[in-house]
Ligand code: GLU
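Residue numbers (the working numbering): 115 to 398.
In structure tokens form, the structure reads like this:
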């Protein structure tokens, strides 16, 4: 059997909170218990929101917690060529198309529940594009979901993944419509970069919050299209406060840096997070 490899893959768009630490410790402990490797990947593809100070903050916070990672820290911003290569491959297969729509245009044309990303109505799909327009106008690239699904070989039609929480899950990527694979401001998107890097780093077990469960439908499809292996997924419940609500920055939850400044004991915090994890899995 191959060695277990897990990872923690934060986006450096703010300081880490106990909710991040919950995910990190779970990924860390899973790998350590199996004698495997625990990797740290910085998902800094968002040029508008990523900050260097948050990158060093992440490393500092993990060190404070005593969660040591193996090998060098991977930075997505240094791997843009790799993502662009995968996009070229999908372009050559006719599975992506350029999209010139603005967010406001999309929001104005489709109704979506509050906070949800609207399913793209397909405005730019099938639209003839001349190369001069591609040069001149900002655009992203979207997956043509119907064509992508049709491109799967019969053996790949019933895509699924194994989830430690949910069991065997049938992938239904069509629920997301034509997702963005390259943004106007970055030559990739979260979906494309995360799928490629989990494969490139040999990640066998993806540990992340339940809030990313739905995204896995897209990742599973991209794995099939790009001929990448499918890791096991561990989508864990989100850390909640005493009132049972998700701990979130907007509700004034303290960052690890703030807790540290107040003299919090990292061992006690880790013990609390591990206890919560056990409780969540009915082990305590
Ligand atoms: N970078 C993502 C985030 O911070 C997590 C990616 C993942 O674990 O797949 O929300």
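Each residue gets a CB set at the ideal place from its N, CA and C atoms; glycine is no exception. A quick note: this is a predicted structure, and the numbers were derived from the prediction, not measured.
| Check | Outcome |
| --- | --- |
| Does the Cβ of residue 321 have 16 or more other Cβ atoms within 10 Å, making it buried, or fewer, making it exposed? | buried |
| Taking the alpha carbon of residue 346 as the reference point, which residue from 359, 376, 280 and 295 has its own alpha carbon closest? | 280 |
| Just how far apart, CA to CA, sit residue 391 and residue 247? | 52 Å |
| What are the residues that DSSP puts in a beta bridge with residue 211? | 256 |
| Could you give the residue range of the alpha helix (DSSP H) that holds residue 290? | It is not in any alpha helix (DSSP H) - residue 290 carries neither H nor E in the DSSP assignment. |
| Helix, strand or coil, according to DSSP, for residue 183 in the structure here? | coil |
| Does the beta-carbon of residue 157 have 16 or more other beta-carbons within 10 angstroms, so that it is buried, or is it exposed? | buried |
| Counting Cβ pairs, one atom from each stretch, are 3 or more of them under 8 Å apart for the stretch 157-166 and the stretch 188-197? | yes |
| Got a sec: is the Cβ-Cβ distance from residue 159 to anything in chain B below 8 Å? | Protein chain content of the structure displayed is limited to a single chain, and chain B is not contained in it. |
| Can you tell me which of the three DSSP states residue 172 falls into? | helix |
| I think residue 234 touches residue 301, with their Cβ atoms under 8 Å apart; what is that distance to the nearest whole Å? | Actually they are not in contact, since the Cβ atoms of residue 234 and residue 301 sit about 19 Å apart, beyond 8 Å. |
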